[in-house]
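Undergrad: Everything in the sequence shown is counted per numbering that gives the first Met the number 0, starting at 0 for the first residue and increasing by one.
Beta carbons are placed, not taken as given, at the ideal position from N, Cα and C, and that holds for glycine.
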Amino acid sequence: MLDQQRRKDDTYPCLPRLIRRIRLILAYCDSLMRGIGFRSEALSSHFVCPSCCTRLFGDGYLRGSSVHTLRTRYTAQQLKMFSTQAYSPWIFKPIKTIWNSLKLKHTEPSESPFLMQALSFNLDTHRRTEAELKRGDGKPYKSLTSELMDTYYSTDDGIIDYLDRETPDIAVYAFLGPEQVQTITYNLPEPSFAEALSLLTPSHFIEPHKRLHRRFHPAVAYAKGYKTLEVIFDEFKRVLHFAVERRREAGFILGIAEYTHLLDCARSMGDADMADWLWYDMAVDEIEPTTACYNHYMEAKGWHHAYVSKEKYNLRFTPWVYRKRSYINRNTGYQGYGTGAENSVRKEVLQLYDEMVAKGQQPDEVTYISIMTASSREGHIVAVNNVLKTVWNIDVEQIMAHEDPANIPPVKQFSPTSPLHPTSRLLYAVAHIFGSNNDLSTALQLVDFISTSYNIPIPDSVWLELVEWSFVLSSERWGPRAKENSVGKVPKETVKALFDTMTSNPYNVKPTIPLYDMLITTSWTRSRLDHTLKYMREGCALFQETLKRRDTAKQAFVEHLLTLLPENIQWQVKLKKTYQRLQGNLWKSSLEIPTNAFMATHPDSAAANGSVADAKEQLQQMREAKKYIHYLREDLDAQITGKAPSYINERWAQRQIRRLELRERQETAEPHEPSISINLSVIKKYRTMKAAFNLEQLNTSRDATIIERWVRLLLDGRRWDQDVDHWQFRLIPRLLQEWERFLPQYTYYNIRTGVVEFQPASFWPNGKRERPEKGLSDLDLRLSDPEENKFLKAIFTVIGEHPNGCMAYSHNPQVSLHKVAPAVG
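1) Leaving out five residues on either side along the sequence, give the residues of the same chain with a beta carbon under 6 Å from the beta carbon of M297.
2) Between which two residues does the alpha helix (DSSP H) carrying F829 extend?
3) Unbroken alpha helix (DSSP H) runs of length 4 or more, entirely within the region 701-753: which are they?
4) Which one of I252, L635, R658 and P415 has the shortest CA to CA distance from N454?
5) Could you spell out where the alpha helix (DSSP H) holding F433 opens and where it closes?
6) Taking the C-alpha atoms as reference points, what is the distance between N437 and S485?
7) Among the candidates W523, D702 and G434, whose CA atom is the shortest distance from the CA of D715?
8) Please state if the CB of E285 and the CB of L196 are separated by a distance shorter than 8 Å.
9) In whole angstroms, what is the alpha-carbon distance linking A827 and N294?
10) Got a sec, what are the start and stop residues for the alpha helix (DSSP H) N392 sits in?
11) By a C-beta neighbour count over all protein chains shown, 10 Å radius and 16 as the cutoff for buried, is N406 buried or exposed?
12) What number of angstroms, rounded off, separates the C-alpha of L425 from the C-alpha of K411?
13) In whole angstroms, what separates the C-alpha of V557 from that of Q543?
14) Closest to I449 by C-alpha separation, out of T422, G434, L465 and W468, would be which residue?
15) For I255, collect the residues of the same chain with a Cβ closer than 6 Å to its Cβ; drop the 5 residues on either side in sequence, then sort them by chain order.
16) In angstroms with no decimal places, state the Cα-to-Cα distance between T545 and S267.
17) Does K411 come out as helix, strand or coil in the three-state DSSP assignment?
18) In whole angstroms, give me the CA-to-CA distance for I798 and A271.
19) Sorted by chain position, which residues of the same chain lie with C-beta nearer than 8 Å to V466's C-beta, five sequence neighbours on each side aside?
20) How far does the alpha helix (DSSP H) with D207 in it reach, from first residue to last?
21) Would you tell me roughly how many angstroms separate the C-alpha atoms of L199 and P207, rounded to the nearest one?
22) Which residue marks the beginning of the alpha helix (DSSP H) containing Q554, and which one marks its end?
23) Pull up the CB-CB distance for V461 and A430, whole angstroms please, since I reckon it's below 8 Å.
24) Can you give me the C-alpha to C-alpha distance between D353 and F232, rounded to a whole angstrom?
25) Taking the alpha carbon of K509 as the reference point, which residue from A274, T338, E537 and E234 has its own alpha carbon closest?
26) From this set, R237, R245, R213 and H216, which residue's C-alpha is nearest I183's C-alpha?
27) Could you have a look at P505 and say whether DSSP puts it in helix, strand or coil?
28) Which value, in whole angstroms, describes the spacing of the CA atoms of K626 and T704?
29) Please check the pair M273 and W89, which I expect to be a contact at CB under 8 Å, by giving their CB distance rounded to whole angstroms.
30) Cα-Cα, which of Q334, L277, H725 and P318 is closest to Y306?
31) Does any C-beta atom of chain D lie closer than 8 Å to the C-beta of L659?
32) Below 8 Å CB to CB, which residues in the same chain sit around E364 once its five sequence neighbours on both sides are set aside?
33) Determine the closest residue to T259 out of E229, T290, Q444 and R329, with distance taken between C-alpha atoms.
34) Could you give the C-beta distance for I519 and W709, rounded to a whole number, given that I count them as a contact under 8 Å?
35) For the alpha helix (DSSP H) that R345 lies in, which residues bound it at each end?
36) Report all residues from its chain with a CB closer than 6 Å to the CB of R854; omit the five preceding and five following residues, and keep chain order.
The structure is reproduced here in structure tokens:
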């Protein structure tokens, strides 16, 4: 061995000296870095993590290197400069998921089904003159477009007209609109600008979508052409960043009110990175954070990326999840809050708490909830119990050990105005913390105990959280980690027991489609066909209510849209086949689904599900709908063949013809140019109605997608304990007829001799399913006449409804009225 080593040294005689030199250089670099670190700690010891590497180089340096960017606070306050370069850059990088890493779709849907379309205004900041309109389109639209642009772009009445708290969608226009509007907005006095910025509230632009996407799988939403929650968050963050940058370019710095609101937006989106940037910017602007700022920052840390993509399915604490979140380079689905010694979210939140108390800020209920949430992310339930005991004297061990409330110590009472008085936030926090840590029984008893002790009603969100965790903990586990993932397992009957409790006295919570989804999945796994069908029909009845709400919003929106047109054009639109087809769809979608009166056990035990009067009413509605559809088909044939429809000689048709002839004679006798008076209040109303319709549309589409999944589960005959012949020849045909509207495009089911597969398109009208959740596009009212088409198109473009509206940052963007630049990102 010594001979071999000697020969190697002889072969490379300079190797030992080279190694020694390298070691000396590394030792020198190490000592130098330590010296820089100690010096920096001496200069900035009041920060939470004074030894973080981002303090030395800046986060921008790390982004350009191969070093993974850690989510740490900015701790080195650079020299303050009179330019925006002193502030931290905002990075817009979507979370990597399986579906968004694929090739993006080139074509956007014709109509964005979201309220967030309000953030995609057509930024036509270059006011086109009459001559430019004439050169581009042949003639100027003096009767409509010029007048509408004058109204919409006018600032004579002041910017206050746009800043209406009742219509936040139009308030976005004040921040993203033409240059003259932006100039007024971004030069407002500090209190006025803070109030204006507060109109971009997450309760309007974020929270409704969080609720709807909670049980809407992002892969399904992406496949169906909807924006995922990540895209919505990214759009909203871009608007905030645009507003912040323009305000700073105008020579202002943000105050405590603006920073508090921006941190609240970061909290709502669960974006700790954005909160880090804002926290650093507050240090640059020498703004002292308040208790609300600390609360928003801590909550953003504890819920980082917890609402989006696969991340929201990995909130349950298990050793596997803890280990995956402790890595420096984390896999997809574990890129949010961190665990372990280096990435501990609990450590970050506790350091913020210590800093908050050291600066004299008083903690409140939200502060302690954030500490408990961060501790639960790492399974530190002892810390959660200590906080409950110390702050509210809620002794978890005593509550779980004694059934008699008399043996439990009383809670600490607070004045209703006290910041430590518990609210429904504490109920939700307890349900989430103990449910995610595999202790459903403790979650249930604590929610009941706190609700009773402080007289707090249990809101629907807390019930949904409890049912959700009961559903998760009752699921069967397989694979190599089945034993580890079965910790805290509860019986499958728990889901139904909780559902029965919450929907009965004294709670009387109205169930939702997501709740029925968990019930139906549980019944399906237990092979209970009777319960599955019962819940499916109850869920479908709820879906009918959703359809009616959506159709009401749609009808109001369409009628208001028609008021934007001159009266003579309104009649032309209503006579078009697109409008008639829209009315037919509204009629059909309001019909209830007929339920077949049969039980899953045997046909002899079948019982009627409705009264005879209800059945006759439904039959009459079906006949009227078929007659109406028949008239529509005759109209289409008449336009093609020129043959008069059969109903032309009926009395109601003759009366309508006489009215039309009379109206045409009056219009011929008094010719006038089409005109309309549109003011900002009309556009505000339009925006409000469109936003309400878009939310109802998203809710309808989500519920329809869930019901389609139920039907796929239902047709899996191998799951049901049924007589084969009874299943094949009686149940299957009835089920196919009952759930025809929700059948998948390729339907198959098992029989005794094999598998039956068919395409329901063979009996769908026109070979296509008429989806009840299909939305309404502005272009559904398009006109065949080119001039009329331009007439409507000018309206849609000016009020910002082009589907590819651009929100690009530019001082003087020039966007054509009829050709809009593609959307950024």
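TA: Reading it off the structure:
1) The residue you call residue 297 lines up with position 298 of the sequence shown. Contacts found: V348, L351 and S369.
2) Given a span of 0 to 824 for the chain in the structure shown, any question on residue 829 remains unanswerable.
3) 731-737
4) Here the question's residue 454 lines up with position 455 in the sequence shown. Checked all of I252, L635, R658 and P415; the closest Cα to N454 is P415.
5) For the purposes of this step, residue 433 is taken as the residue at position 434 of the sequence shown. Where F433 is concerned, the enclosing alpha helix (DSSP H) stretches over S423 to S435.
6) Within the sequence shown, residue 437 is the residue found at index 438, counting from 1. Within the sequence shown, residue 485 is the residue found at index 486, counting from 1. So the two alpha carbons sit approximately 9 Å from each other.
7) Working through the sequence shown from its first residue, we reach residue 715 at position 716. Looking at the Cα atoms, W523 is the closest of the given residues.
8) Here residue 196 corresponds to residue number 197 of the sequence shown, with the count starting at 1. Here residue 285 corresponds to residue number 286 of the sequence shown, with the count starting at 1. Result no, Cβ atoms of L196 and E285 do not sit closer than 8 Å.
9) A question about residue 827 goes unanswered here, because the residues of the chain that appear run from 0 up to 824.
10) As a working mapping, residue 392 is identified with position 393 in the sequence shown. From DSSP, N392 is part of no alpha helix (DSSP H); its letter is neither H nor E.
11) In the sequence shown, the residue the question calls residue 406 occupies position 407. Result: exposed.
12) Counted from its first residue, the sequence shown places residue 425 at position 426. Counted from its first residue, the sequence shown places residue 411 at position 412. Rounded to the nearest angstrom, the two C-alpha atoms are 14 Å apart.
13) Stepping through the sequence shown from its first residue, residue 557 is reached at position 558. Stepping through the sequence shown from its first residue, residue 543 is reached at position 544. Computed Cα separation, rounded: 21 Å.
14) Translated into positions along the sequence shown, residue 449 becomes position 450. Nearest option by C-alpha distance: T422.
15) By one-based count along the sequence shown, residue 255 stands at place 256. If we look at I255 and ignore the five residues flanking it on each side, its Cβ neighbours are I286.
16) As a working note, residue 545 is residue 546 in the sequence shown. As a working note, residue 267 is residue 268 in the sequence shown. Answer to the nearest angstrom: the Cα atoms are 26 Å apart.
17) Taking the first residue of the sequence shown as position 1, residue 411 is located at position 412. In the structure shown, K411 sits in coil (DSSP, three-state: anything other than H, G, I, E or B).
18) To locate residue 798, count along the sequence shown from 1; it is residue 799. To locate residue 271, count along the sequence shown from 1; it is residue 272. Bear in mind that a pLDDT of 37 at I798, under 50, signals an unreliable position, so the number given afterwards is only what the model happens to contain. Straight-line Cα distance between these residues: approximately 35 Å.
19) Sequence index remark: in the sequence shown, residue 466 carries index 467 (1-based). For V466, where only same-chain residues beyond five positions count, the Cβ hits under 8 Å are V494, L497, F498, M501, L514 and M517.
20) Indexing the sequence shown from 1 puts residue 207 at position 208. The sequence given here has Pro at residue 207, not Asp. P207 -> alpha helix (DSSP H) spans E206 to H212.
21) The residue labelled residue 199 in the question sits at position 200 within the sequence shown. The residue labelled residue 207 in the question sits at position 208 within the sequence shown. Each residue's alpha carbon lies about 14 Å from the other.
22) For the purposes of this step, residue 554 is taken as the residue at position 555 of the sequence shown. Run containing Q554: L528 to T562, per the alpha helix (DSSP H) assignment.
23) What you label residue 461 is simply residue 462 of the sequence shown in a count that begins at 1. What you label residue 430 is simply residue 431 of the sequence shown in a count that begins at 1. Yes, they are in contact, since the Cβ atoms of V461 and A430 sit about 5 Å apart, within 8 Å.
24) Along the sequence shown, read from residue 1 onward, the residue named residue 353 stands at position 354. Along the sequence shown, read from residue 1 onward, the residue named residue 232 stands at position 233. If I take the Cα positions, the gap works out to 30 Å.
25) Your numbering for residue 509 matches position 510 in the sequence shown. For K509, the nearest C-alpha among the options comes from E537.
26) Position 184 of the sequence shown, counting from 1, holds the residue named residue 183. When only C-alpha atoms are compared, the closest one is R245.
27) Along the sequence shown, one-based indexing puts residue 505 at 506. Of the three classes helix, strand and coil, the one that applies to P505 here is coil, per DSSP.
28) Sequence index remark: in the sequence shown, residue 626 carries index 627 (1-based). Sequence index remark: in the sequence shown, residue 704 carries index 705 (1-based). Looking at the two C-alpha atoms, the distance is approximately 29 Å.
29) To locate residue 273, count along the sequence shown from 1; it is residue 274. To locate residue 89, count along the sequence shown from 1; it is residue 90. 7 Å between Cβ atoms; contact.
30) Locating residue 306 in the sequence shown gives position 307, counting from the first residue. Closest option to Y306, Cα to Cα, is Q334.
31) Reference to chain D is not applicable here, since this structure consists of a single protein chain.
32) Counting from one through the sequence shown, the residue named residue 364 turns up at place 365. Excluding sequence neighbours, E364 sits near P418, L419, H420, P421, T422, R424 and L425.
33) Walking along the sequence shown from the start, residue 259 turns up at place 260. Nearest option by C-alpha distance: T290.
34) Position 520 of the sequence shown, counted from the start, is the residue given in the question as residue 519. Position 710 of the sequence shown, counted from the start, is the residue given in the question as residue 709. The Cβ separation is near 6 Å, so the contact holds.
35) As a first step, residue 345 must be located in the sequence shown, where it is residue number 346. Residues V344 to A357.
36) Only positions 0 to 824 of the chain appear in the structure, and residue 854 is not among them; the question remains open.
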